[in-house]
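To keep things clear, I will list the structure first and then write my remarks on it.
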Amino acid sequence: MPAACDSLLEDIEDIVSAQDVKPHDRQFARKNVVPKVRKRNSQKNVQADDDPPSDSIIPGAQKIWIRTWGCSHNNSDGEYMAGQLASYGYKITENAAEADLWLLNSCTVKSPAEDHFRNSIKKAQEDDKKVVLAGCVPQAQPRQDYLKGLSIIGVQQIDRVVEVVEETIKGHSVRLLGQKKDNGKRLGGARLDLPKIRKNPLIEIISINTGCLNACTYCKTKHARGDLASYPIEELVDRAKQSFQEGVCEIWLTSEDTGAYGRDIGTDLPTLLWKLVEVIPEGAMLRLGMTNPPYILEHLEEMAKILNHPRVYAFLHIPVQSASDSILMDMKREYCVADFKRVVDFLKEKVPGITIATDIICGFPGETDEDFQDTMKLVEEYRFPSLFINQFYPRPGTPAAKMHQVPALVKKQRTKDLSQLFHSYNPYDHKVGEKQRVLVTEDSFDCQFYVAHNQFYEQVLVPKDPEFMGKMVEVDIYEAGKHFMKGRPLLDANVFTPSITRPLAKGEVSGITEEFRDVLENGLNLKACPSPGIREKASLSSRMVMQLPWQQEGGGLKMLSVSLALLAILVTFYYRGV
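Note that our numbering has the sequence shown beginning at 255, numbered continuously upward.
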């Protein structure tokens, strides 16, 4: 076999001949090389300059437009998402055209609401806006064709909205649809102490639980919100206290069914309400949300006492949906018409003047003319001052969508007949001439009056005197309409301020404590630190927080959440001796 090499090399230099290029010659030759100019597409260069790589985009500097449809629970979620984004530095704008990203917070109760949601997505895409979807529609049906490729944040994941927005702005698609759990037990949702921007700085909306215990055959919300999960009483009371410390004078309790509160954690609604009443300042008011008849029946005595309390509106929203027992059975509502009447009659007797609001669905599958006439008779009997009339819409994936449908023309006619009955009576005519105390909280839709509510949560329009906003005022009722009364302040009216502090400005972020404001303005209280070494480190962390850019011109609350997290982590480690 021939050898691999014919001769033995003693040194590596033996393989280099005298004719080979030496290293210094190679370096000299490189200097004389003339680079070849490559022609480039100038248009591509312009495009590249306009669209920098996604990782070079700085989150927290963009403008965000938020649109919310649906119930007060959904509105509360929208406020929380706005607060977190603003805390991180994003600017929340009311001008959709100038926004870089649209956050669309949807409602799945009725088809028209979802249609508006779908059309808004299409509009955003046509206007080349980034889009993040929230609310019950994408939570319940995330695989719908028109949602493909879009970022989604689930109803229990709203505390992670900043992450989703950041990634979406970078050009990524993110979907967070999981449930909040603690040791396998489902929680009510995101924390209640998150930053928020209240749509109305005078009104705090508190979700006391999410989901429900029912399985109504027409309801799509159940698919999104799931089974009942209640917040602990202590957390709800703390949230109420914080709200009052920020100038709130009215609290709304909301959920898919407030009457079912606490059944999953060993408590109940009256227990919660009595705890809340203890912390409501004089003149401030509490409004209860919707409750289904089955879950309030066993608490009627206690609920009557609570609704008679001077700091609780004598108002309750109890949906009946139909006055036909056979239709209620098909709806799986778990009560009969007699149960509804028992609740209403008892509360009317024990809480004089109480306002009962209710809902009715016209044209549910299988509804006969006789069934509908029973519903008309119920409205004639009780003359509800507040009545929400809904034409039935089959929602995809619900049992009712597979039932035999009432013809569309019949549904429309029944909706029209019930609406005419509702508008045939005026519930407030007999109150003209009364003197009432009302709490003023907002502007009217036409901006001609301030909107106030009396003890029964009846709407009273008062003159636009800035002195009245957020105040309890005595008025003389001089006019009544279908949905409102008009009040004239008494000459010697006692204007009372229920807020215990100045309300936040419109658009200001809730949830920033006075202690944290002091840290930002004055630095840490270093005398409280246990050792000189820790004091030195804490001083350094304080200076780091103060130097972050959230206070700079145009920065808004930029990096606030990062600042708070950094400060909390550092101080915790220092005190532990880490």
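Cβ atoms here follow ideal geometry from the backbone N, Cα and C, with glycine treated the same way. Predicted model, so just to flag it, every value in this text is computed and none were measured.
Item                                                                                                                       : Value
C-alpha distance - V574 paired with I550, whole-angstrom precision                                                         : 13 Å
Proximal residues to E696 (C-beta, below 6 Å), its chain only, five neighbours per side dropped                            : N454, V705
Rounded C-alpha distance that separates A494 from P661                                                                     : 47 Å
Nearest neighbour of V416, chosen from D369, A469, S341 [CA to CA]                                                         : S341
Per-residue DSSP class, three states only, for G617                                                                        : coil
CB of P524 within 8 Å of CB of E556, strictly                                                                              : yes
Cβ pair count under 8 Å reaching 3, the segment 386-393 against the segment 402-413                                        : yes
Continuous alpha helix (DSSP H) stretch holding T475: start and end                                                        : 475-479
Chain-order list of residues whose beta-carbon lies under 7 Å from that of G787 (same chain, five-residue window excluded) : Legend: pLDDT at G787 = 43, less than 50; position of this residue unreliable, no value from coordinates given.
Residues that DSSP places opposite A706 in a beta bridge                                                                   : V694, V714
Which listed residue (I615, R452, K529, S678) has its alpha carbon closest to that of V664                                 : I615
Close beta carbons around T422, own chain, < 8 Å, minus the five adjacent residues each side                               : L355, K384, V385, V386, S405, V428
Beta strand (DSSP E) runs contained entirely in the segment 321-387, provided each spans 3 or more residues                : 345-347, 355-360
Beta carbon of L357 nearer than 8 Å to that of I311                                                                        : no
For N644, the residue or residues it bridges with in DSSP                                                                  : I615
Beta bridge counterpart(s) of Q575 as assigned by DSSP                                                                     : I614
Rounded straight-line distance, which links the Cα of G332 to that of S484                                                 : 19 Å
Which listed residue (K595, E621, A611) has its alpha carbon closest to that of S578                                       : E621
Buried versus exposed call for A351 [16 or more other C-beta atoms within 10 Å across all chains shown]                    : exposed
Residue from C470, L744, R321, P619 whose Cα sits closest to the Cα of D481                                                : C470
Straight-line Cα distance separating Q713 from W323                                                                        : 22 Å
Beta strand (DSSP E) runs contained entirely in the segment 387-415, provided each spans 3 or more residues                : 405-407
Proximity below 8 Å, CB of Y682 to CB of M739                                                                              : yes
F626 vs R668 beta-carbon contact at 8 Å                                                                                    : yes
Proximity below 8 Å, CB of C503 to CB of A538                                                                              : yes
Pair within 8 Å by beta-carbon distance, S753 and G501                                                                     : yes
Same chain, Cβ closer than 6 Å to P743, neighbours up to 5 away in sequence not counted                                    : V727, V729
CB of D511 within 8 Å of CB of N546, strictly                                                                              : yes
Contacting residues, own chain, Cβ-Cβ under 6 Å from T464 (five flanking each side not counted)                            : G442, G443, R479, A483
Enclosing beta strand (DSSP E) for V727 [first to last residue]                                                            : 726-734
Bounding residues of the alpha helix (DSSP H) (the contiguous stretch that carries K602)                                   : 591-604
Spatially closest choice to L530 from L401, L431, E624, H563, by CA coordinates                                            : H563
Secondary structure of R445, DSSP reduced to three states                                                                  : coil
Reduced DSSP secondary structure (H/G/I, E/B, other) of T545                                                               : coil
Chain-order list of residues whose beta-carbon lies under 7 Å from that of I534 (same chain, five-residue window excluded) : L540, R565
Cβ-Cβ distance between Q411 and G432 below 8 Å                                                                             : yes
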